[in-house]
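So the sequence shown is numbered by the working numbering: it starts at 25 and just counts up by one. A short worksheet on the structure shown next.
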Amino acid sequence: MKKVLFATTALVATAGVAAADVTFGGLGRFGIYYQEGAANETTIESRFRLIVTATAESDNGLTFGAQVRYQANEHADGYGTRTGAFNTPRFWVSTGPFTVSVGNTLGAIENMPNMYTGSIGLTGLGYANVVYNFGADAYTSGSTGRQGIDVIYSSGNWGVHLTYSPDQTTQNTGLTDTNERIAGAVSYTMGNYTFAVGAQSSDVVGDTDFAVTIGGSWGNLDAALQYADNGANDDKYGVAFNYQVGSATFIRGYVNQDNNPAVDDTNAGIGFQHRLGGGTFIEGGVADLAGTTRADLGLRFSF
25 MKKVLFATTA LVATAGVAAA DVTFGGLGRF GIYYQEGAAN ETTIESRFRL IVTATAESDN
85 GLTFGAQVRY QANEHADGYG TRTGAFNTPR FWVSTGPFTV SVGNTLGAIE NMPNMYTGSI
145 GLTGLGYANV VYNFGADAYT SGSTGRQGID VIYSSGNWGV HLTYSPDQTT QNTGLTDTNE
205 RIAGAVSYTM GNYTFAVGAQ SSDVVGDTDF AVTIGGSWGN LDAALQYADN GANDDKYGVA
265 FNYQVGSATF IRGYVNQDNN PAVDDTNAGI GFQHRLGGGT FIEGGVADLA GTTRADLGLR
325 FSF
């Protein structure tokens with residue numbers, strides 16, 4: 025991220041502020057996307073994401089922050105607009121190993137270590153490697169997102185993350201989401217291994233009840249075992265890996281079994297990333313999601 029420091033009269037005059045800054049960063053990606061059986065099987069894929077982060081530090085060492093994202097894709101999708109949009113902001117206060125945030129919820133299960141190991145391609149190709157099947161709170165880049173509270177502790181080998189999101193109609197009378205979620209995750213790193221476990225209480229039928237990941241590193245290989253109990257007689261389990269085959273080339277993949285009665289099939293995918301330097305990449309992959317093939321290939325850059 026490139027940093028821009030605003031030392032305006034207003035900031036200088038603000039009582040109790042020892043430092044304040046705003047950073048801009050993000051990514052761009054573009055390429056081609058294929059999905060077997062779609063109305064248009066091969067399409068152009070693109071995304072632009074701008075991340076704006078503002079922070080200030082009080083005289084007693086508290087760090088205050090806020091973040092908002094702008095995102096635009098090549099077509100209308102789950103983010104709801106062809107022209108792009110800002111999401112709702114997230115605010116936080118940090119001191120030492122503790123961070124408390126409110127607003128656009130991060131999600132304890134979403135952020136468990138090794139939950140996203142094996143993510144492939146330019147777009148993630150459906151992210152079927154994520155065993156909790158997105159049945160929990162998660163930060164949303166291009167729309168409103170769930171509004172709630174995250175409490176995060178990270179110190180030494182331990183990590184703890186708690187999330188609460190209330191009935192969303194209490195946030196805005198225009199919303200119809202009456203569900204409530206409470207989730208927590210604990211992680212511990214021992215040598216080359218990281219263990220994590222998460223649990224959730226939710227009003228949503230089919231939401232994740234329990235998840236566990238175990239990840240390890242052996243030279244150029246990172247691998248993880250992943251499991252989630254996603255309720256309604258559904259569980260999902262598998263293995264994922266990242267392998268560095270050269271100084272700038274990585275192979276990533278996964279295979280898992282999803283016992284959701286509506287799916288009840290195996291997912292598998294493999295992809296590559298080649299780093300061109302300066303935050304630029306060539307990425308691509310192919311995946312089989314319950315018998316449907318997806319593939320992509322393109323370029324990505326970070327700024």
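Beta carbons are placed, not taken as given, at the ideal position from N, Cα and C, and that holds for glycine.
Where residue i sits in the DSSP three-state scheme
i: THR193; result: helix
i: ALA39; result: Note that ALA39 scores 43 on pLDDT, short of 50, meaning its location in the model is unreliable; the coordinates nonetheless yield the value given after this. ALA39: coil per DSSP, three-state reduction.
i: ALA314; result: coil
i: MET139; result: coil
i: GLY120; result: coil
i: ASP355; result: This structure cannot settle anything about residue 355, because the visible part of the chain is limited to 25 through 327.
i: PHE110; result: strand
i: ILE294; result: strand
i: ASN266; result: strand
i: GLU307; result: strand
i: ALA31; result: For ALA31, the predicted model reports a pLDDT of 38, less than 50, meaning its position is unreliable and no value from the coordinates is stated.
i: ASN157; result: coil
i: ALA62; result: coil
i: SER165; result: coil
i: GLY301; result: strand
i: ALA272; result: coil
i: ALA132; result: coil
i: ASN280; result: strand
i: PHE327; result: coil
i: TYR151; result: coil
i: LEU146; result: coil
i: ALA256; result: coil
i: SER125; result: strand
i: ALA44; result: strand
i: ASP289; result: strand
i: GLY50; result: strand
i: GLY351; result: With the chain covering only 25 through 327, there is no way to say anything about residue 351.
Beta-carbon proximity list for residue i, same chain, < 6 Å, skipping 5 on both sides
i: ALA90; result: ALA78, PRO113, PHE115
i: ASP258; result: ASN283, ASN284
i: ASN157; result: ASN254
i: LEU51; result: ARG73, SER326
i: ILE144; result: ARG276, GLY293, GLY295, GLY309
i: SER13; result: Outside the displayed span of the chain (25 to 327) sits residue 13, for which this structure offers no information.
i: ILE68; result: GLU98
i: SER70; result: PHE54, GLU98
i: GLY102; result: The predicted model places GLY102 with a pLDDT of 49, which falls under 50 and marks its position as unreliable; any figure quoted below should be read in that light. Cβ neighbours of GLY102 beyond the five flanking positions: none.
Residue range of the beta strand (DSSP E) that includes residue i
i: ILE238; result: 234-242
i: THR79; result: 66-82
i: LEU245; result: 245-253
i: GLY89; result: 87-97
i: THR213; result: 205-214
i: THR202; result: Taken as a continuous stretch (DSSP letters only), THR202 belongs to no beta strand (DSSP E), as it is neither H nor E.
i: VAL175; result: 171-179
i: THR218; result: 217-226
Proximity winner among the options, relative to residue i (alpha-carbon distances)
i: ASP83; options: GLN95, ALA96, ALA44, THR66; result: ALA44
i: LYS260; options: TYR58, ASN153, TYR217, ASN203; result: ASN153
i: GLY131; options: ALA207, VAL124, GLY150, SER165; result: ALA207
i: HIS185; options: GLY222, ALA292, THR47; result: GLY222
i: TRP242; options: ALA252, GLN224, GLY215, ASP227; result: GLY215
i: SER118; options: TYR177, TYR94, TRP182, TYR140; result: TYR177
i: THR87; options: ASP320, ASP288, THR141, PRO121; result: PRO121
i: TYR140; options: ILE75, LEU249, ASN97; result: LEU249
i: LEU313; options: GLY148, SER226, SER165; result: GLY148
i: THR129; options: SER167, GLU98, GLY49; result: SER167
i: GLY180; options: GLY127, ASP161, THR213; result: THR213
i: GLY150; options: ASN291, ASP233, PHE305, GLY301; result: ASN291
i: ARG53; options: PHE305, GLY127, GLY315, LEU300; result: PHE305
i: GLY61; options: ARG299, ASP320, GLY315, GLY322; result: GLY315
Beta-carbon contacts of residue i that lie in its chain and below 7 Å, excluding the five residues immediately before and after
i: LEU245; result: PHE265, TYR267
i: PRO137; result: SER211, THR218, ALA220, THR237, GLY239
i: ALA256; result: VAL229, GLY230
i: LYS27; result: Here LYS27 scores only 46 on pLDDT, less than 50, and its place in the model is too uncertain to base an answer on.
i: GLU65; result: TYR58, GLN59
i: ASP227; result: ASN203, GLU204
Cβ neighbours of residue i in the same chain (closer than 8 Å, five flanking residues each side left out)
i: ASP191; result: ASP201, THR202, ASN203, GLU204
i: VAL269; result: ASN244, ILE275
8 Å contact criterion, which residue i and residue j should meet: CB distance rounded
i: GLU307; j: ARG318; result: With a Cβ gap of about 14 Å, GLU307 and ARG318 do not count as contacting.
i: VAL169; j: TYR163; result: Before going on, a small fix: residue 169 reads as Gly here, not Val. That belief holds up - the Cβ atoms of GLY169 and TYR163 are roughly 6 Å apart, short of 8 Å.
i: GLY277; j: GLY262; result: With a Cβ gap of about 11 Å, GLY277 and GLY262 do not count as contacting.
i: VAL155; j: ASN280; result: 6 Å
i: ASP233; j: SER189; result: Contact doesn't hold; Cβ gap of about 16 Å is too wide.
i: GLN95; j: GLY85; result: The pair is not a contact, with the Cβ atoms about 33 Å apart (cut-off 8 Å).
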